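First residue of the sequence shown? That's 8 in my numbering, and the numbers climb one at a time after it. Presented below is the structure to which this report refers.
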Amino acid sequence: MNKPTRSVQPTALLPAQRRDRIVAFLQRHGAVTLQQLAQALEVSLSTLRRDLDGLEAEGILSRTHGGALLRQPQYSTFEPDPSAASALSPQEKRAIGVAAAAGLRPGQSVIFDSGSTVLEAARAAVERNLPLVAVTNDLAIAQVLGTSAAIRVHVLGGQLRPGSHTLTGPGMIEQAHALRADVVLLGAHAVTDGVLSETDADVAAVKRAFVAAAAERRLLVDASKFRPRAFMQVCEITAFDEVISDQGLPPGQAEALRELDLALTLVHAGG
């Protein structure tokens with residue numbers, strides 16, 4: 008006679024166990040969205056928000072719109088998984104990108120740096136149907152710009168960074184040094200005490216070349232990028248004419264930027 012079967016419900020995790028798993032996930036990926044955690048831990052979004060708030064209070068992570076980032080030590084070479092990073096603060100990045108594209112004028116030559124926030128600026132430029140000459144080292148950005156018949160797209164050749172859409176390498180940097188563009192839209196991994204930094208030496212070198220190549224320099228960074236510095240310095244923030252960020256920027260940080268005589272634009276998420 009067959010024994011009756013019974014379903015075994017998974018044992019609910021204790022709060023401490025959930026938080027340990029959240030930290031372990033962040034240590035693997037660097038960034039996480041609420042939806043990713045909800046699926047991995049099988050708990051409600053309200054429970055996750057309480058857990059993330061507690062971990063933020065302990066200084067382990069930083070909350071962002073829709074997720075969290077692991078707080079990294081100084082000189083970190085750790086870089087979040089690109090898919091996870093792009094899912095964090097999406098509304099802020101979109102609003103920053105729209106503001107950046109609104110400042111472009113027909114006929115300009117524009118360098119589009121790599122990264123998820125600059126990608127939003129590219130999308131906004133396409134939506135405006137702006138006639139531009141665009142230069143980029145990011146294949147995803149080139150693909151977006153290429154959908155517009157009004158934009159001439161130049162892709163700088165180089166070596167594809169593993170796990171990203173970014174081209175780097177000595178040959179690409181040499182091409183970047185030869186550019187003379189009207190505008191550069193640049194992103195950054197971290198901004199700390201008025202200095203931009205990156206996790207990779209080649210990426211930092213590309214960004215320095217882009218800054219040197221443009222007459223107008225605009226930095227596109229959401230509030231979460233104001234964090235401990237990464238491995239390789241890029242340049243000082245005073246190299247830029249304008250910083251475009253969001254309303255999540257701490258008031259003290261905003262005031263410090265204004266004291267540097269920088270044009271500061273703070274956008275509202277979602278518009």
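Every residue gets a Cβ at the ideal spot worked out from N, C-alpha and C, and that includes glycine. Being a predicted model, the structure only gives us computed values, none of them experimental.
Can you tell which of Leu59, Gly178 and Ala220 has the C-alpha that lies nearest to the C-alpha of Arg187?
-> Out of Leu59, Gly178 and Ala220, Ala220 has the C-alpha closest to the C-alpha of Arg187.
Taking the C-alpha atoms as reference points, what is the distance between Thr18 and Asp58?
-> Legend: pLDDT at Thr18 = 48, less than 50; position of this residue unreliable, value from coordinates given subsequently. Their backbone Cα atoms lie some 18 Å apart in a straight line.
For Ala188, which three-state DSSP category applies?
-> If DSSP states are grouped into helix, strand and coil, Ala188 belongs with the strands.
Through-space distance from Gly61 to Pro22, alpha-carbon basis | Our two residues, Pro22 and Gly61, have alpha carbons roughly 10 Å apart in a direct line.
Same chain, Cβ closer than 8 Å to Leu48, neighbours up to 5 away in sequence not counted | Here the set comprises Leu20, Arg25, Arg28, Ile29 and Leu55.
Terminal residues of the beta strand (DSSP E) in which Ser367 lies | Not covered by the structure: residue 367. The range shown for the chain is 8 to 278.
Reference Leu174, options Ile158, Thr143 and Met239, closest by Cα | When each option's Cα is compared against that of Leu174, the closest is Thr143.
Smallest Cα separation from Pro169: which of Ala149, Ala195, Pro138 and Val210?
-> Out of Ala149, Ala195, Pro138 and Val210, Val210 has the C-alpha closest to the C-alpha of Pro169.
Report whether the distance from the Cβ of Ala45 to the nearest heavy atom of the ligand ATP is below 6 Å.
-> The model depicted lacks the ligand ATP and carries no ligand whatsoever.
Proximity of Leu271 and Val241 at Cβ, strictly below 7 Å | Contact: no.
Which two residues bound the contiguous beta strand (DSSP E) that contains Gln240?
-> Note, Gln240: beta strand (DSSP E), Met239 to Glu243.
Cβ-based neighbour list, Ala131, same chain, cut-off 6 Å, excluding 5 preceding and 5 following = The beta carbon of Ala131 sits closer than 6 Å to those of Gly104, Val105 and Ala108, all from its chain and outside the five residues before and after it, given in chain order.
Are Ala263 and Arg236 touching if we call contact CB-CB under 7 Å?
-> Taking the C-beta atoms as reference points, Arg236 is found no nearer than 7 Å to Ala263.
Who are Arg159's beta bridge partners in DSSP?
-> DSSP, once it has assigned bridges, lists Val140 as partnering Arg159.
Can you give me the Cβ contacts of His275 inside the same chain, cut-off strictly under 8 Å, excluding the 5 residues immediately before and after it?
-> Excluding positions up to five away in sequence, the list reads Ala102, Asp253 and Gln254.
CB-CB length for Met179 against Gly201, believed under 8 Å = Not quite, the Cβ-Cβ distance comes to about 27 Å (not below 8 Å), so this is no contact.
Identify every run of the beta strand (DSSP E) within the stretch 15 to 64, keeping only runs that are complete inside it and at least 3 residues long; order them along the chain.
-> Here the runs fully enclosed are 38 to 40.
Residues near Ala222 in its chain [Cβ-Cβ closer than 6 Å; skip 5 each side] = Take Ala222, set aside five residues on each side of it, and the residues of its chain with a beta-carbon closer than 6 Å to its own are Asp189, in chain order.
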